[in-house]
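S.K.: Quick one: the structure is below, questions incoming.
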Amino acid sequence: MIEGSTMFSRLHSAGLLWPTLLSALALATLVSLGTWQMQRKAWKDDLQLAIAQRAKAAPESLDSALKSHRDLAYRRVTVRGRFVNDKERFVYAPHPRLGPGYHVITPFEIDGSGALVLVNRGYVTEPLKDPSQRAAGQIEGLATVTGLLRTQSPRGSFDAAPDLKSMIWYAPDAEAILDSVTTKRRPGDIVMLLDAEAEPANAGGWPKGGTTLVKLTNRHFEYAITWYGLAATLIAVFGAFAWGRLRAQAEAAS
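Be aware that the sequence shown starts at 69, since it is given in the numbering used here, and climbs by one per residue.
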């Protein structure tokens with residue numbers, strides 16, 4: 069107790085008591101934030117591994133996946149039915165090489181149940197948004213689609229509102245897109261997107277499937293280094309400040 073009292077007395081007399089307490093609080097906060105980011109990195113790494121495994125797994129029927137799994141994101145499934153080509157919708161998706169374009173979202177009527185699932189058939193360039201310019205790629209009759217399920221992605225606060233006249237969305241908002249397709253939902257309608265795979269390729273050339281990005285952005289290590297770096301900087305700055313104060317106090321006492 070005496071040693072503790074002496075230490076606090078020295079800090080107080082040197083004008084370091086409150087700076088020490090506040091710096092300790094700030095240091096604990098910075099270290100906690102860095103540790104939290106490392107935990108987030110580990111979680112994201114595990115999620116990325118799970119997504120990669122799901123994307124490479126053998127496809128199961130959509131009906132089986134819906135019954136067997138609670139987490140459906142990036143599940144590889146197959147389903148048979150018919151495209152409702154006259155109700156195509158579009159999600160704006162500029163391509164890094166091909167320029168402005170869209171993902172073509174087509175309602176797919178599941179064979180047997182008649183329920184709908186939205187199929188992201190793939191990318192088309194701006195001129196090919198018009199279905200008449202890619203008529204050879206419009207699949208009629210029964211078809212089988214294999215791809216990855218994508219969960220609901222509602223429009224964010226920074227996403228532009230959809231252009232309902234041109235049926236263009238700026239976020240893959242499955243619920244809003246499905247509502248634009250049908251005035252009355254069936255009980256079995258699936259509020260998800262099914263991203264069609266690139267293979268087998270569309271015989272008509274367009275749309276081009278395989279648009280799913282299975283690599284997640286993971287910058288948590290960078291963020292952790294930032295917080296830990298700030299913590300180290302705080303230690304260095306406070307150490308220099310405290311050393312100067314204590315040296316000045318010692319010189320004044322001598």
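The C-beta atom is built at its ideal place from N, Cα and C for all residues, glycine as well.
By DSSP, does residue 305 sit in helix, in strand, or in coil?
M.R.: As a first step, residue 305 is located in the sequence shown; it is residue number 237 there, counting from the start. Correct three-state label for residue 305: helix.
S.K.: For the beta strand (DSSP E) that contains residue 204, what are its first and last residues?
M.R.: As a working mapping, residue 204 is identified with position 136 in the sequence shown. Note, residue 204: premise wrong, no beta strand (DSSP E); not H, not E.
S.K.: Quick check on this structure: which residue in 86, 157, 276, 178 has the alpha carbon closest to the alpha carbon of residue 266?
M.R.: Walking along the sequence shown from the start, residue 266 turns up at place 198. Nearest option by C-alpha distance: 276.
S.K.: Where residue 256 and residue 185 are concerned, what is the direct C-alpha to C-alpha distance, given to the nearest angstrom?
M.R.: Position 188 of the sequence shown, counted from the first residue, corresponds to residue 256. Position 117 of the sequence shown, counted from the first residue, corresponds to residue 185. Rounded to the nearest angstrom, the two C-alpha atoms are 9 Å apart.
S.K.: Residue 103: which of 297, 219, 304 sits nearest, CA to CA?
M.R.: Locating residue 103 in the sequence shown gives position 35, counting from the first residue. Per the Cα distances, 297.
S.K.: If you follow the beta strand (DSSP E) that residue 177 is in, where does it begin and where does it stop?
M.R.: Along the sequence shown, read from residue 1 onward, the residue named residue 177 stands at position 109. 169 to 178 is the extent of the beta strand (DSSP E) around residue 177.
S.K.: With a threshold of 8 Å, are at least 3 pairs of Cβ atoms found where one atom belongs to the segment 288 to 304 and the other to the segment 104 to 116?
M.R.: Output reads yes: the segment 104 to 116 touches the segment 288 to 304.
S.K.: Quick one: Cα of residue 129 to Cα of residue 146, how far?
M.R.: As a first step, residue 129 is located in the sequence shown; it is residue number 61 there, counting from the start. As a first step, residue 146 is located in the sequence shown; it is residue number 78 there, counting from the start. Their backbone Cα atoms lie some 5 Å apart in a straight line.
S.K.: On the premise that residue 236 lies in contact with residue 160, defined as a C-beta separation below 8 Å, what is that separation, rounded to the nearest angstrom?
M.R.: The residue labelled residue 160 in the question sits at position 92 within the sequence shown. The residue labelled residue 236 in the question sits at position 168 within the sequence shown. Contact holds; Cβ gap of about 6 Å.
S.K.: Hey, would you say residue 122 sits closer than 9 Å to residue 183, going by beta carbons?
M.R.: Here residue 122 is taken as the residue at index 54 of the sequence shown, counted from 1. Here residue 183 is taken as the residue at index 115 of the sequence shown, counted from 1. No, the pair does not count as a contact, with Cβ atoms beyond the cut-off.
S.K.: Quick check: what's the CA-CA separation for residue 150 versus residue 204?
M.R.: Sequence index remark: in the sequence shown, residue 150 carries index 82 (1-based). Sequence index remark: in the sequence shown, residue 204 carries index 136 (1-based). Looking at the two C-alpha atoms, the distance is approximately 16 Å.
S.K.: What is the rounded straight-line gap between the Cα of residue 86 and the Cα of residue 315?
M.R.: Taking the sequence shown and counting its residues from 1, one reaches residue 86 at position 18. Taking the sequence shown and counting its residues from 1, one reaches residue 315 at position 247. Each residue's alpha carbon lies about 18 Å from the other.
S.K.: Using the three-state DSSP reduction, which class does residue 231 fall into: helix, strand or coil?
M.R.: Here the question's residue 231 lines up with position 163 in the sequence shown. DSSP places residue 231 in strand when its eight states are reduced to three.
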